[in-house]
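> Chains as they are written, first to last, in this note's numbering: chain Z, 1 to 359; chain L, 360 to 718; chain S, 719 to 1077; chain R, 1078 to 1436.
C-beta: ideal position from N, C-alpha, C; glycine also.
4 protein chains.
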Amino acid sequence: MSGNSFGTIFKLSTFGESHGKAIGGVIEGCPSGLSIDEKFIQDELNRRRPGQSEITSPRNEKDQVELLSGISEGISTGTPIGFIIRNEDQQSKDYDHLNDAFRPGHADFTYLKKYGLRDHKGGGRSSARETISRIVGGAIAKLILKESGVSIKAFVKQVGEIKLDKGYQELDISKTEESIVRCPDPIIATEMEKLILKAKEDGDSVGGIIQCVIDNVPAGLGEPVFNKLHAQLGHAMLGINAVKGFEFGRGFESVSMKGSEFNDQFVKEGDRIITKTNHSGGIQGGISNGMPIFFNVAFKPVSTIMQDQTSVNYRGDEMVLKGKGRHDPCVLPRAVPIVESMAAMVIADLLLISRTNRI
Amino acid sequence: MSGNSFGTIFKLSTFGESHGKAIGGVIEGCPSGLSIDEKFIQDELNRRRPGQSEITSPRNEKDQVELLSGISEGISTGTPIGFIIRNEDQQSKDYDHLNDAFRPGHADFTYLKKYGLRDHKGGGRSSARETISRIVGGAIAKLILKESGVSIKAFVKQVGEIKLDKGYQELDISKTEESIVRCPDPIIATEMEKLILKAKEDGDSVGGIIQCVIDNVPAGLGEPVFNKLHAQLGHAMLGINAVKGFEFGRGFESVSMKGSEFNDQFVKEGDRIITKTNHSGGIQGGISNGMPIFFNVAFKPVSTIMQDQTSVNYRGDEMVLKGKGRHDPCVLPRAVPIVESMAAMVIADLLLISRTNRI
Amino acid sequence: MSGNSFGTIFKLSTFGESHGKAIGGVIEGCPSGLSIDEKFIQDELNRRRPGQSEITSPRNEKDQVELLSGISEGISTGTPIGFIIRNEDQQSKDYDHLNDAFRPGHADFTYLKKYGLRDHKGGGRSSARETISRIVGGAIAKLILKESGVSIKAFVKQVGEIKLDKGYQELDISKTEESIVRCPDPIIATEMEKLILKAKEDGDSVGGIIQCVIDNVPAGLGEPVFNKLHAQLGHAMLGINAVKGFEFGRGFESVSMKGSEFNDQFVKEGDRIITKTNHSGGIQGGISNGMPIFFNVAFKPVSTIMQDQTSVNYRGDEMVLKGKGRHDPCVLPRAVPIVESMAAMVIADLLLISRTNRI
Amino acid sequence: MSGNSFGTIFKLSTFGESHGKAIGGVIEGCPSGLSIDEKFIQDELNRRRPGQSEITSPRNEKDQVELLSGISEGISTGTPIGFIIRNEDQQSKDYDHLNDAFRPGHADFTYLKKYGLRDHKGGGRSSARETISRIVGGAIAKLILKESGVSIKAFVKQVGEIKLDKGYQELDISKTEESIVRCPDPIIATEMEKLILKAKEDGDSVGGIIQCVIDNVPAGLGEPVFNKLHAQLGHAMLGINAVKGFEFGRGFESVSMKGSEFNDQFVKEGDRIITKTNHSGGIQGGISNGMPIFFNVAFKPVSTIMQDQTSVNYRGDEMVLKGKGRHDPCVLPRAVPIVESMAAMVIADLLLISRTNRI
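#1: Between the beta-carbon of residue 625 of chain L and the beta-carbon of residue 634 of chain L, is there less than 7 Å?
#2: Once DSSP output is grouped into helix, strand and coil, what is the label at residue 524 of chain L?
#3: Would you say residue 1081 of chain R reaches chain Z, if we count a Cβ-Cβ gap shorter than 7 Å as a contact?
#4: Checking the sheet assignment: what are the DSSP bridge partners for residue 1002 of chain S?
#5: Examine chain B for any beta-carbon lying closer than 7 Å to the beta-carbon of residue 85 of chain Z, and answer yes or no.
#6: Tell me the rounded alpha-carbon separation between residue 918 of chain S and residue 1295 of chain R.
#7: Among R:1332, R:1297, R:1323 and R:1328, which residue has its Cα nearest to the Cα of residue 835 of chain S?
#8: Per DSSP, residue 1439 of chain R forms a beta bridge with which residues?
#9: In terms of alpha-carbon separation, which member of L:411, L:370 and L:386 lies closest to residue 539 of chain L?
#10: Are any of the Cβ atoms in chain L nearer than 7 Å to that of residue 1111 of chain R?
#11: Is the beta carbon of residue 724 of chain S less than 7 Å from the beta carbon of residue 1303 of chain R?
#12: Which chain S residues are close to residue 147 of chain Z, counting only those with a beta carbon under 8 Å from its beta carbon?
#13: Within 7 Å (strictly less), CB to CB, does residue 645 of chain L reach chain R?
#14: Secondary structure at residue 203 of chain Z, three-state DSSP: helix, strand or coil?
#15: Pop quiz: residue 1301 of chain R and residue 844 of chain S are said to be a contact at Cβ under 8 Å. What is the actual Cβ separation, rounded to whole angstroms?
#16: What is the rounded straight-line gap between the Cα of residue 875 of chain S and the Cα of residue 1003 of chain S?
#17: Could you give the distance in angstroms between the alpha-carbon of residue 860 of chain S and the alpha-carbon of residue 929 of chain S?
#18: DSSP three-state label for residue 262 of chain Z, please.
#19: Any beta carbon of chain Z sitting closer than 7 Å to that of residue 1001 of chain S?
#20: Does residue 974 of chain S get closer than 7 Å to chain L when you measure Cβ to Cβ?
#21: Any C-beta of chain R sitting closer than 7 Å to the C-beta of residue 426 of chain L?
#22: Contact criterion: CB-CB distance below 7 Å. Does residue 1433 of chain R meet it with respect to chain L?
#23: If we cut at 7 Å on Cβ distances, does residue 749 of chain S have a partner in chain Z?
#24: Looking at residue 841 of chain S and residue 1350 of chain R, is the spacing between their C-beta atoms short of 7 Å?
#25: Cβ of residue 696 of chain L versus every heavy atom of the ligand COA: is any distance shorter than 6 Å?
#26: Going by Cα to Cα distance, which pick from S:965, S:1071, S:857 and S:952 is closest to residue 753 of chain S?
#27: So residue 241 of chain Z and residue 110 of chain Z are in contact, right, with Cβ under 8 Å, and what is the actual spacing, rounded?
#28: Grab the span of the alpha helix (DSSP H) containing residue 1123 of chain R for me, first residue to last.
#29: Does the stretch 1050-1063 of chain S touch the stretch 35-46 of chain Z, meaning 3 or more C-beta pairs lie closer than 8 Å?
#30: Pop quiz: residue 327 of chain Z and residue 57 of chain Z are said to be a contact at Cβ under 8 Å. What is the actual Cβ separation, rounded to whole angstroms?
#31: Consider the Cβ of residue 1429 of chain R: report whether some Cβ of chain L lies at a distance smaller than 7 Å.
#32: Would you identify the three-state DSSP class for residue 192 of chain Z, choosing helix, strand or coil?
#33: Might you give, ordered along the chain, the residues of its own chain that have their beta carbon closer than 8 Å to the beta carbon of residue 1331 of chain R, omitting 5 neighbours on each side?
#34: Counting only beta-carbon atoms, is residue 1155 of chain R nearer than 7 Å to chain L?
#35: Quick one, are the C-beta atoms of residue 562 of chain L and residue 665 of chain L less than 7 Å apart?
#36: I'd like to know if residue 497 of chain L contacts chain Z, where contact means its C-beta is closer than 7 Å to some C-beta of that chain.
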C-alpha cells in the first residue's frame, strides 16, 4: 500500500520519475496463453506520446517500450511481465530555476511535506510521465479483454466550456482518433482545438471532461460492498494526474431526478434481460448488469502555465515564477488512452476475480 | 479482494445481510492505548438509525452495537476489535412478493448474475443496512483522529433541486445536527424537508449531494501514484449505496476554469505556508497540503418507491411490482454519518501509514 | 497486514481474546452455491475443544459456533460469512496472580513491549483459544475442497521422544480419530498417552510433531516465486501457537541426501504422469505436482507448567510463579484439526486463484 | 497475490526469467532520506554471483544492477526504486535437448500443468537466477536496518553430513566470508569444500543447512496471529529455491524437550529484561523479545546433476536425460546472501509497520 501498485490478481506495480533514467513496471497476473501484440502496445503508447500534434507539448520522446520477461515466442507465460521505457529528452536545466520554488497547483510542496526532501526535476514522480507505465499495463489488459469481446473507448466530451452535448448512443465513437483532440464529433472537435490553441497563445491552460464507454461487459463483475465496480473505476480515474471528479451513469444529474424517473426498467429482449434506459450506467449494486458502462472524468486545467505567477520558496520568501518549459495547454487529448488503460485494468482484474465467485 | 475489507493498516472487514441474524465486523490495526468511548460509537449509530425522524424510514431498529474484543478496561489493546449488531425488526414477509422479481434500480438482477443465486430478503447484502458496520469502524477512526486534532463534518448540500449554494467557509457546520435533514442552513433545511415529505406523499424518492469537510489534516497524507488521497476518498464514497459521483475541491466546475484562475497561490501566514484560495480542495498531487479537504458526494434517488413499476421476473415474464415496505424517500440525512465514517477510516489509515514515509 | 487476516480470495479475518466476550471472524470469498453443513463445522470444533479426554485441559467450553450471515437456506450466497463463539468458562481470577508477571515461554513480555499495555487475562489474544476461528474457516474450506475431491488428514507423529517411524503410505490414517492422542497406530498411541499422563503427573509438558497429508490436490496449485505452495503452508503452520518448525517432503532429512537419490523420477501410470518416489512431498518449484502433499509441523512443549518457575515482573523484580490454572500437558492431540484447518484454507485459496492462471 | 510481490509497506515486486532479456523489480515503501550505497548493493550481488569460486557454477554473469528511479543525489526520495539486471551469458542452446523433457526435481512439469505452456529455456521463472532481485531488495532493506543497528548474518551450518555443531554464540560469524563455502569455522569449511568437490567430481549434488542470526532487533516486531514474526520469516525462506524446511530457536529439537527445560527464564540485566537461555530464538508469541533471532533453513541437493537420469517427455514417453550445462553441485554458499536478504526484507517491513502499533 505504498501506492505504486494497482489491482489484485491482474496487478501493475510501477516506478519512475520524469527526469530519471527510466519509467517502468511489473505486470503480475497476466494469464498464460495470451498473444502479446507488441505493435499494439507501442501504438497505445504513441496515442499518449507528447509531440503528436500541435495542441500537445512539443517535447520529443519516443517512449519506446522494452518488454523484458513473461513472454515466450509472442505468448504470455503467466509469469510477470517486466518493462522499461528509457527517458530521453530530459532538459533538466529547464527546471533549475525551480529548485526551491513551490509551483502553484503542483505537488512540490506536498511531496516535500511528505518525504522531507524531493526530487525537483520536472515534477519527479508526480509528473504525468508516470502514466506511461499505465498505458503498458492497460494495453495488456485490453488484450485480455479482447478475448472476452469487451471494448473500451474513451473520448473528449468537453474542453473548457465547449461541450459535446450528446449521449454516447448518439455518437460514432469510432471517429475519435480522427481528430487530434480526440472528440468524435468533427465540428465540436474543431472548436475544442481552437480553444486549446487560444489558451496556448495566452500562455494559459484549460480543463475538460473525458467520457469512457465500456461495451459488452458480462453481467456479474464487481466486488461489493467496498469494491463495487464503480468504486474501483473511480479509484482508478481519480489516481490519474489532474483529475478532480468522477461520475457514472447519470452521475451528478441524478441528484435532481425522482426515483420514478431514474429507475431503469427491466425488459426482455430476445434471450436477454436488459434495461430500457441506462441511467445506472451499466452498474447496479456495484455489479455490472450487461448494459454499456459509461462514466465521466473531470480534469482541471494544467497547472503549468506560461505566465508569471507569485509563490513562495522553501524558506517561505515570496517570489515570482516565470512560465518556462514545454507543456500541454490541455491534457485531455493525451489523457484519453490513460483513461482507457485504467478502465481496462479494472475490468480485466474483476473479470479474472469473477471466475472465483461460484463453487 | 472479495470486497468486504477496507483499508491497509487500519482495516475494517464486514459481514451481514439486512434480514440475517446480525451485521458486524472486525477492525484490525486500531493502535493500542486509545480510549474507546462506547457511548460515542452508539451515538454515531443513532445518527444513522432509521426511525429517527418523520423524513426517514419508520423501521424501528435499535442498532445496538456489542463490542466483543480488543478493548481492556476501556482502552484499545492493539488486537482486533470484533463487533456485532443483531437484526431485530425483520419483517421478511414484506419481501415475499419479491421472491422472483427484479426490482428496478436494485441489485437483485446483478447479484443473481454474479452468484447464480441470491438471498432475496430485503436486498440481502446489497441493503444499506450493511453500512452500520461502517459507522462502527468510522467511529473508532474518529477517535484516532481526535488525538491528532482532525475533525470531519459532513452535511446535506442539495436535495433534489434545492441547493445550499454557499462555500463551506461561509457555513456554520456546527448547526448541521440541529435539522432533521442535516443541512446547516435552517431556511434551506426546511425547504429540503418539504421536498422530501412531498416525495414521500407522492410515493416517490429524491436524491441529493452531501458535502464533507475535513479540517486540520496534517500535510503529507496520501500515497501516490495509485492511492492518491482523493482516489482513496473517492473509492470510499463510491462504495456507499446509491452514490453516483464524487468530486473534490472545485471538482467538475474546474473543467471550465483557466489554469491562471484555478492555481492556488502559496503564501506565508505566520509560520505556515498556506494557499490563498483552496480550489484544490486541500489535496495536491494526491497528498494533503494542510488546507481543509472538501468533497461532494452525489446520491441518486432511492430505488424503492411506493408506486407500481413494471419489471420482469427470473423467467423474464413481464410483471407489475407494487410499492410496499418501509423505506426512506431520501437517504441523504442518514447518509451523512456514513460519509463521515468512510472519510474517517481513509484518513486514519493514511495517517498511520504516513509514519512509515521517512527513515 | 495487521496480522489478523489470512488468505487472498478465500480470506479469514479473526478477532477475540481468551477471556473476552467472544471469539469470531469473517470469511470472505467463499464461493456461492456451497452446501454449508453446520453439523460438520461443529464436529470440527469439537475435535479442538478442551475437556474432550483425560489428556487435555479440563476446561469446559462448549465452543458453540453461531453463523450470522452469508448463508441462505443452507447454501452459501457468496457474501461474507460472519460467525461468533461466545466465551463461557472464564475463570479470570485464575489469572489474578499473573497481573504483572512475565510468564516464561509466554507472550506477556512481547505483547507489552509491542503495545505498551496488555490484557493479562489468560494470555489475551495470544491464547490458543484464538484458533477456534481457524477451525471455522478451515471447516468451510474443507467443504469447498470436498467438491474437488481433495482430502486433508493430519495425525500425531511424535510426542516427546515417542515416534511413529513410518511413512504416511504405510499408515491407515483413517484410524487417527480412534485414539484420544490422534495417532493412527494404536500401539504408539498408547505409549504417547502414557508419556502425556506422566508429564501431567510431573506438572510438566511435552512437545511433538504433527504430520499432515493432502491427497488428490490437482497439479498446478501454488504461486511462485514468493507464494510457493509450501511457503504458504509453512506460513500457515508457523502461525499456529507453539509451532517451532516446518518441513515438507523429506524436509531436513534431504540435506544429507545426494541429488541422484533425492530426485523423484517421472513415470507414466495409465494416463497420468506421476513420480516414482515422493521425496518432493507433492510440490516442485512451489507448485503441486498431483502427488500427495505431506509435511511435518514441530510443536514445542506447552509453556504453562504446574511447577514453580522463577521470573521477573513488570518492574524487573525477581519473583516466583506458582503453577496454577487448567492447561494441556501436550497440545498435539487438539492441534491436529488446527493443522488441517490451516492447510485447508491454503489449498482452497490457491484452488480458487488457480482459476485465473490461464486465458 | 500472483506471487511475485513480497511485503506490505516495504514491498518488492519482481520479474524475470533466466534466459530472458533481464531480471528486475520495483521496491516500494523504502522510506525517504536513506543513503543508498550503490557499491554495497553490488557487493551483495557479487556474493550471490556464479563463478565466484571453484565450488560454484562456472557461468560468467556480471549481474550488474542498474537503479532506475527513487534516488536523487544518492538519497532515497520515498518513491519506488526500479531496477534491472541484464542477462548476459545465456547459452540457451544448452537447453535445446530439454525442449520436451520433464527434468527430475525441476519445475518443468508443474509449470506446464499450471500454465498450459512453459518457457523451457533454463528453467524460466523457476530458475534461481530470479533471486538476484531479492538481493537488491534485501540490500536496501539492510541499509534501512543499519539505521536501527540491526545486523543480519547467515552462514553455512551443514553440507551433506558435515555439520558445524556449535551454537551461534560460540562462533565468530565475522569469519564467514573468509571461506568460499561461507562457513565461519575454517576446519569444517575445508571439509565442506571437499565434500562439494567430491559431489562435483561424481556429477552429483549435495544439500545442507544455512543458519541465520539477527542481532539487535528491538522487542515488539511481528504481527500475530497470522503474521507472527517467525511465520513471516518462514514464508520468506520457504520461498527460496530448493528450501525444504525451516525452524527457529530450538526448532525440531524442542519436540523432545520438557516445558520445564524449554521455557526461557526472564531475568534483569542492567536496565533490560532478557532471557537467561534463548530456546525461543528471540521470538515469543510471534513477536521479537529483543534477544538474538536465529533460525535454520534446509536446502535439498541441487536437482541438476551431471548423470544420466530416466524421465518422460510431454507425451509421456520414457527417455534418458543426459547431464549437461553449467551448474552448482551445492547451492549453499551462494544462498547465504539470499537468506540474509529475505530476512532483511521481513524485518525492515515489520519495523516500519511497528510504528503504527500505538496511538
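To lay it out plainly:
#1: yes
#2: coil
#3: yes
#4: S:1005
#5: Given the protein chain composition of this structure (Z, L, S and R), no chain B is represented.
#6: Roughly 36 Å separates the two Cα atoms.
#7: R:1297
#8: Residue 1439 of chain R is absent from the structure shown; chain R starts at 1078 and stops at 1436.
#9: L:411
#10: yes
#11: yes
#12: 1077
#13: no
#14: coil
#15: Yes, residue 1301 of chain R and residue 844 of chain S are in contact; Cβ-Cβ is about 7 Å, under 8 Å.
#16: Going by the C-alpha atoms only, they are around 27 Å apart.
#17: 18 Å
#18: helix
#19: no
#20: Chain L contact via Cβ: absent.
#21: no
#22: yes
#23: yes
#24: No. Outside cutoff.
#25: The model on display carries no ligand, and the ligand COA is accordingly not part of it.
#26: S:857
#27: Going by Cβ atoms, the distance from residue 241 of chain Z to residue 110 of chain Z rounds to 13 Å, so no, they are not a contact pair.
#28: Boundaries of the alpha helix (DSSP H) harbouring residue 1123 of chain R: 1115-1125, taken from the DSSP string.
#29: no
#30: Taking 8 Å as the upper bound for CB-CB distance, residue 327 of chain Z and residue 57 of chain Z are in contact here, some 5 Å apart.
#31: Judged by the 7 Å Cβ criterion, residue 1429 of chain R is in contact with chain L.
#32: helix
#33: 1339 and 1356
#34: yes
#35: Cβ distance < 7 Å, so residue 562 of chain L and residue 665 of chain L count as in contact.
#36: no
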